[in-house]
Structures are given as structure tokens and as C-alpha cells.
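One structure below.
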Amino acid sequence: MAANTQVSVIVPTFGRQKLFPLIYDCFLNQTIKTAELLIHDDSPERSSFFDGLPGVRYFHSRERLSIGRKRNFLIEQASSEVIAHFDDDDYYAPRYLATMLGHLQDCDFVNIGGWFAFCVSERAFGYWDTTQQPLVHFLFQTNKPVGLVRSLGVQDAYMRGYGFKYLYRKSIWKACRFPDRNHGEDYEWVKKLPETVRMKTIIDDVGLVLHIIHTSNSSRCFPTHHLPIRLLGRFFGDEVQRYIET
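To get this note's numbering, take the position in the sequence shown, counting from 1, and add 12.
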């Protein structure tokens, strides 16, 4: 990888090989062209999808590893001094990396505190501003009708967790590695970062990233707004349809 790589995008994954073309397209369509994509896949069989593709390094292991260990491995391999997280099943708009890098100029860690979400099984589109405290939230979860829950308040675990939208300097990881766990490794890592780390939380009101709860996904989220589905295309364009139909 060239020495002028601006950002290394890391993707720990398992059992999602059918989504590889989609995550690669997210990477390929970024307006930042001096980036690299690193994938650690511990599915039973190796995928040949990434073979020969420029700007991509694919690592396969038959040993099952935690998400935290896979993140640490990928960052060790990264050429850039800037690390970005991509989830293997989310959609990242072409201007995502460029926008996040712009915010990194005066800090060490950029996180998105207000973001869009889509629940595939319920065909539900929403927005979660984790920096606000509404009276009620909506519950987005696979195979459960969208419902209302009491206010969760402004919780640090929600505002700084959900690591699909992190971008940070590699130097802060060198001082604090991800814990060896599969769930909540992102927030546990953030909590342990030194107080000297300069953090910034931004609000996505233009459609930088769409967090997608697929039918095979057991996660859930609590949007503050339930949006008309017709607005999905206005924020993310026609391209996003491929991602919410998979």
C-alpha cells in the first residue's frame, strides 16, 4: 500500500461473505481515493471475492476470534495513521470518509452522535439523535413491530457506542487496544481512552451513513424519530436499495 494512504478502513466480519460486493462498493465509491480496505474474515471458508482488487487486503482465519481481537489485528496491519470503521452490513455514502476526515483536523477521534437507521424486516426508517432526551423512543428490532419505549435519556453508552461510525488516529489505539470481546467492545474501548484524547461528536443530517438492521441481525436501536420511508431515497439515493434488500 502506498505511503500516502490517508485512511485505513477496517472490517471485522463473519458469515457475511454474500455482502462483500456491497461493502466493497461502499469503499470504492468514496471520494477519498487514497484509502485502503482491510477485512478480517473468520468464516469457515475463505472467500476469493477480494483477490486481485486494488486497495484491498483480505485476511482469512479458520480460528474464530472476537471482534475486539479482529479490530486489533487489522489496525496492526494498517498502513495509515488514521483508522475508520465500516460495518459489513451498513451503507456508507461516497462523501462519508472525506467528511469524517475533515472533522479530524482538530481532534483525535470523531464519532457520529445523530444517525439514520433502517430495519429491514419492518421496512422502517428512522433517526436517532443520541445527544437529545425525548419523552419516548421508537424500538427498531428484527421481526418486531415498531413500538414506543420510555425515554432512555442521554446515555454515554448510546452516544459513544455503536462503533460502525468511528474514525480516529492510530496513535490513540496504540495506547489503548480493543478488549477481547464480541459485544460492546467499541464502547468499552472508548471508556478506557485517556482523558487527553480530543473527541468530537458530530450530527449526520445529510445522509453520511445508514445503520441497517438486517433480518439476520440480532441488534436493535432506539430512534428518536420514525421517518417516512419515501425520505430514504432523498437522503441516500437509489443506490441504497441494494443494501436494504439483501
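Backbone N, C-alpha and C fix where the C-beta goes; we use that ideal spot for every residue, glycine too.
Annotated three-state conformation of residue 46 is coil, per DSSP. Using a Cβ-Cβ distance cut-off of 8 Å, the segment 56-73 and the segment 26-41 are in contact, since at least three pairs of beta carbons, one from each stretch, lie closer than that value.
If you draw a straight line from the Cα of residue 140 to the Cα of residue 167, it is about 12 Å long. One Cα belongs to residue 230, the other to residue 153, and the distance between them is close to 7 Å.
Contact check for residue 50 against residue 19 fails: the beta carbons are separated by 8 Å or more. Distance check between residue 212 and each of 23, 91 and 111 places 111 closest, using alpha-carbon atoms only. Residue 53 carries a strand assignment under DSSP once its states are collapsed to helix, strand and coil. Nearest C-alpha to residue 244 among 226, 136 and 27: 136. Exclusion of the five residues before and after residue 81 leaves 192 as the residues of its chain whose Cβ lies within less than 7 Å of its Cβ.
Taking the C-beta atoms as reference points, residue 223 is found nearer than 8 Å to residue 233. Listed as beta-bridge partners of residue 141 by DSSP are 126.
Look at residue 184 here: in three-state DSSP terms it is helix.
Per the C-alpha coordinates, the member of 252, 77 and 42 positioned closest to residue 195 is 77. Non-local beta-carbon contacts of residue 187 in its own chain, meaning distances under 7 Å to residues more than five positions away in sequence, involve 206 in chain order.
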